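J.:
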Amino acid sequence: MSPQSDPPRSPTVGLFVTCLADLFRPSVAFASIRLLEHAGCRVSVPRAQTCCGQPALNSGDFESARGIARQVIGAFEDFDYVVAPSGSCMATVCKDYPDLFADDPPWRQRAEALAARTFELLAFLVDVMAVTDVEARLPAKAAYHDSCSGLRSLGVKEQARRLLGRVSDLELVEMSNAEVCCGFGGTFCVKYPEISAKMADDKIHGLETTGADVLLGGDLGCLLHLAGRMKRLGKATRVYHTAEVLADMADAAGIGDPER
Amino acid sequence: MSAREAVFTAVRTALGRRQAPQEARAAVARRIASPTPNLLPRLDADLVAVFRVKAQAASCTVDQIAGPDEIRGAVGRYLDEQGWPRRLRIAAELATLGWDPDIAAEAGAADPADAVSLVPAFAGIAETGSLVLLSGPDHPTTLNFVPEHHIVILPANRLVGHQEDVWALLRQECQTMPRTVNIITGPSRTADVDQIVQIGVHGPKSVHCLLMGDESGLAADERG
Amino acid sequence: MKPESHAFKRRAAEALRYQPLQDALAQFEDGWVAKRRTVVERLPEFEQLRAQGAAIRDEALRNLDLYLEQYESAVQRNGGQVHWARDAGEAQEIVRRICREAGARTVTRGKSMAGEEIGVTEALQADGIRVVDTDLGEYIIQLAEQRPSHIVFPCVHLTGREVAELFRRHHAGKTGERDRSTVSAIVQEAREVLREEFFAAEVGITGANFLVAETGSNFIVTNEGNGDLTCTLPRVHVVTTGIERVVPTLEDASTLLRLLGRSATGQEITAYTTLSTGPRRSDDPDGPDEYHVVLVDNGRSRMLAGEFREMLRCIRCGACMNHCPVYRSIGGHPYGWVYPGPMGAVLTPLHVGLKEAGDLPNACTMNGHCAQVCPVQIPLPSLIRKLRGRQFAAGLTPRTTVLGLRAWAFTARHPTLYHALTRWPIALLRRLGRRRGRLRRLPLAGGWISQRDFPAPAGKTFFSQWPRRGEDER
């Protein structure tokens, strides 16, 4: 997606917090708000939100997924844009919600209308709001992990690297396996823990080969899984969500590290 | 109900129909009666150059000769270079080239003891560096697979761009389909052991192409 | 082939610990994946070809009844015989009868996935016929009495040393002691041993990569030349194939062949692309006297009818499994049947049932790499998810999961309740994990904790911090 020539002036943005950010790392949501407001958006966070419904959807419980989807659509459809610090949640809204309502034309229409205005955070900042710079600093060597949904469903790849390239003192390196699945996969990681751990280990090996001391990513599911595995293996690597770094909030403890 | 009826009924039911509608029947008939190429990858205009590069990349060696007079000499040279005896199993239509006494050449279906075969190609495909050989009374298919080494004569004016061009030629030139059309690109190979590519499995261990004449079909001394 | 997909978890655990397999799978990234990438990058029109490939397959499926009729007439016009089989049992009977009538004592086989489905080899062996797999990988598997672990590279899980040992044990009578220390030597030995079989066989059985309705022909695509020797030397040539393999014209096959080579082995074309039409002609010096095509339904018409029709586009290239991180961690054996990897995760449950193969559509992270590389654009993750939907609807999902989901979904649809309820467990987890920033033990979270620490929540939940009612907007 190429940047628009004229970014919208002061659009209303409904922030989709994501259940993982809400429960495990609210700083990701606060960082998102900071970035969006800095870009000139009027950010709201509707309270009538909990989850995008992925766990139900990916377990084959389409009825429950539809129930949650209706709630999300209802809570967010009045905003100019819906944005979340998560490729997987936004891919669910963009790609899966319309299919969920294939047999329900009115809801399908509403789902499609919402999908057209739904974005992953960094894709929104770069492609829609034409953000080209950030005021942030992180003196470290970091590698960015491309979460699968963001990468393949939403085309999020360059946007993260572009903005991270503007963070002062940050050396960004590329893992040879940046695009390979980390093994989280929602319920997969607890249903098939050994395969999941092997996939994490492959990703960690790719990370260590770069010499990076920080791992970044745009999806908390991946990051919790990788951080958890690295701590189990005794690694000292710090793990952050990209939004935290871009919003200059990476002086806090990394994921899985004790509070400072 | 026979198995055939049962399968057709199951397929038609799956497609939501008892009988295919007339428009569908007509459209299918049209598609089959007028076959058209789908997208064709772009190719450089110099087909000979493209062919040479692709064939060689597939480990098929290519030697250029001006015309039929040079076949015997080129084959003899090749056999000597490889250190092979001067003995061939040839397609019957090549018998008139006068092999005696230099080279022992016998026509017919291949024998397991045959080391080298020599056959003319029906066509060549530049896109992939491939040789196209048809089964036929003078050029049995076993010549392409049984002997250890394979030499193929490709007239340059039979070199086409894409595989689709071969189908057009076939339809033009053959009354009916031959039993076998072989599209051969280099020697046999496998990667089944340790994922290492090894040349020379069940088919020939080498393929050598004699590219004959230029694209106009004229030998060097016939060109104006 | 008898399914053993129910043993997925156990086999996957074994596979993760089996170093020779892990070493073989580790080669895929710089091997088959890199080769495909290179050859695809060289073809600027590749993405357009994918779309055309999907369209050709969809057209054939949309009018499958008509194309099968045309195909059958064309085969018969060229002197071939067409046989129809509803299921594996009928297909076995047909092949057995043909071999019996041919007086077959030795049968050679080229690679055929449909043949594996219907159990051709076992059926003929039960009749006392010697069946020899001639594709080198399949031959090795046959000697090892194992199942293939990949549809294109069947013995990828075996090392060269193991192959040498197999040859030593099984060929000793024929070849005596010989050097087996190099790949080249092993392949030469295979060539010599199998040559005898090629010439001895009365019947040769191949699969078909494509069936051409226009001409009544079948395409086979090999690098070894074994398929050609199998379908040229014996008196009788039998093709075992699924009904979905038909394509309208030779030109349509050419488009699909461009996609197949690149996707399967990173080649623009394989060494041998062979089109066979009927038996030998009256003036052919070689070739089979009889040409039989055994068209197998075996559940394909059922797939055609429903939401899994797109799976029938499959051209059996193997690209999906080459790029699947789950397949690349455990290999093909855990999938327990003919088809492993992503295509196996869809096909196996559809053929053998979800009760037997329930793990397959669940052992998937939905990362989408398979769909990205599929040459005919099959939406594999979407089909896998549909299978999960079927499992859920059929009550096959474990009770604890169903209850957990229901509880989650209920609270998720009641945000105020959800926000209120989640404060407490999160606060507790935070307290427990505060010192280290993570938890090493966590009851009820066995699946997670067995392999990972659990990062402690960073503080209060977002919504317990976010101003409420009238202060939603900042």
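Protein chains in written order, with this note's numbering: chain A, 63 to 322; chain B, 796 to 1019; chain C, 404 to 877.
For glycine and all other residues, C-beta sits at the position ideal for the given N, C-alpha and C.
Computed from a predicted model, the values in this text were never measured in an experiment.
1. Interface residues of chain C around L85/A at Cβ under 7 Å?
2. Less than 7 Å between the beta carbons of C855/B and G956/B, yes or no?
3. What are the partner residues of G607/C, as DSSP defines its beta bridges?
4. Less than 7 Å between CB atoms is the rule here; does L806/C satisfy it with respect to chain A?
5. What do you get for F181/A, buried or exposed, if any count of 16 or more other CB atoms within 10 angstroms of its CB means buried?
6. Closer than 9 Å, Cβ to any Cβ of chain B: which residues of the region 417–437 of chain C, in chain order?
7. Quick one: residues in its chain with C-beta nearer than 8 Å to the C-beta of W879/B, no 5 flanking neighbours on either side, listed in chain order?
8. Within 10 angstroms of its Cβ, does A1015/B collect 16 or more other Cβ (buried), or is it exposed?
9. Three-state secondary structure (DSSP) at R719/C?
10. Under the three-state reduction of DSSP, which class applies to M1007/B: helix, strand or coil?
11. Count the other CB atoms, across all protein chains shown, that sit within 10 Å of the CB of S732/C; report buried if there are 16 or more and exposed otherwise.
12. Please report how far the alpha carbon of G316/A lies from the alpha carbon of Q868/C, in whole angstroms.
13. Starting from the C-beta of A941/B, find all residues in its chain whose C-beta is less than 6 Å away, skip the five residues before and the five after it, and write them out in chain order.
14. According to DSSP, is A146/A part of a helix, a strand, or is it coil?
15. Which stretch, first to last residue, makes up the alpha helix (DSSP H) that contains I898/B?
16. In whole angstroms, what separates the C-alpha of Q670/C from that of Q851/B?
17. Please list, in chain order, all residues of the same chain as G645/C whose beta carbon is under 6 Å from its beta carbon, the five residues on each side excluded.
18. Measure the alpha-carbon distance for L889/B versus S215/A and round it to whole angstroms.
19. Please list, in chain order, all residues of the same chain as A274/A whose beta carbon is under 7 Å from its beta carbon, the five residues on each side excluded.
20. For a contact meaning CB atoms closer than 7 Å, what does P818/C contact in chain A?
21. Could you please give the first and the last residue of the uninterrupted beta strand (DSSP E) stretch that includes F846/B?
22. I want to see whether chain A comes within less than 7 Å of Y738/C, judged by CB atoms only; does it?
23. So is D538/C buried or exposed if we call it buried at 16+ other beta carbons inside 10 Å?
24. May I have a chain-ordered list of the beta strand (DSSP E) segments no shorter than 3 residues that lie completely inside the region 687–748 of chain C?
25. Do you know offhand how far D858/B's Cα is from L1006/B's?
26. Taking the beta carbon of R872/C as the centre, do at least 16 other beta carbons fall within 10 Å, making it buried, or is it exposed?
27. Is G664/C helix, strand or coil by DSSP?
28. Across which residues does DSSP place R984/B in a beta bridge pair?
29. Taking Cβ positions, are S148/A and E306/A nearer each other than 7 Å?
30. Of all Cβ atoms in chain F, is any one closer than 7 Å to the Cβ of Q479/C?
31. Note down, in chain order, each residue of its chain lying with its Cβ closer than 7 Å to the Cβ of R877/C, except the 5 sequence neighbours on either side.
32. Between D856/C and R71/A, how many whole angstroms is the CB-CB distance? I'm expecting something under 8 Å.
33. With a threshold of 16 other CB atoms inside 10 Å of the CB of L632/C, please say whether the residue is buried or exposed.
34. Note down, in chain order, each residue of its chain lying with its Cβ closer than 6 Å to the Cβ of E519/C, except the 5 sequence neighbours on either side.
35. What is the C-beta distance between G919/B and L892/B, in whole angstroms, given that I count them as a contact (C-beta under 8 Å)?
36. With a threshold of 7 Å between beta carbons, is G873/C in contact with chain B?
T.: In brief:
1. T825, I829, P860 and T864
2. no
3. T511/C and H640/C
4. no
5. buried
6. A427, Q430, F431, G434 and W435
7. A910, V911 and H944
8. Because the pLDDT at A1015/B is just 48, under 50, the model does not fix this residue reliably, and the value given afterwards should be weighed accordingly. Exposed, since its Cβ has fewer than 16 Cβ neighbours within 10 Å.
9. coil
10. strand
11. buried
12. 20 Å
13. Here residue 941/B turns out to be Val, not Ala, going by the sequence shown. Only A905 meet the Cβ criterion.
14. strand
15. First-last for I898/B: undefined, no H or E at that position.
16. 14 Å
17. A517, V699 and R703
18. 59 Å
19. K203, A204, A205 and V235
20. R109, A110, Q111 and T112
21. Looking at the DSSP string, F846/B is not in any beta strand (DSSP E); the run it does join, the alpha helix (DSSP H), is L842 to A852.
22. no
23. buried
24. 693–699
25. 6 Å
26. Residue placement at R872/C is flagged as unreliable, the pLDDT there being 48, under the threshold of 50; a coordinate-derived value is accordingly withheld.
27. helix
28. I994/B
29. no
30. In the displayed structure, chain F is absent; the protein chains listed are A, B and C.
31. For R877/C, the pLDDT reaches just 41, beneath the cut-off of 50, and the residue's location in the model is therefore unreliable, although a value from the coordinates is still provided. Same-chain partners within the cutoff: there are none.
32. With a Cβ gap of about 46 Å, D856/C and R71/A do not count as contacting.
33. buried
34. M404 and V741
35. Incorrect: roughly 20 Å between the Cβ atoms, too far for contact.
36. Because the pLDDT of G873/C is 45, which lies under 50, any placement of that residue in the model is unreliable, and the number read from its coordinates should be weighed accordingly. So no, G873/C is outside the interface.
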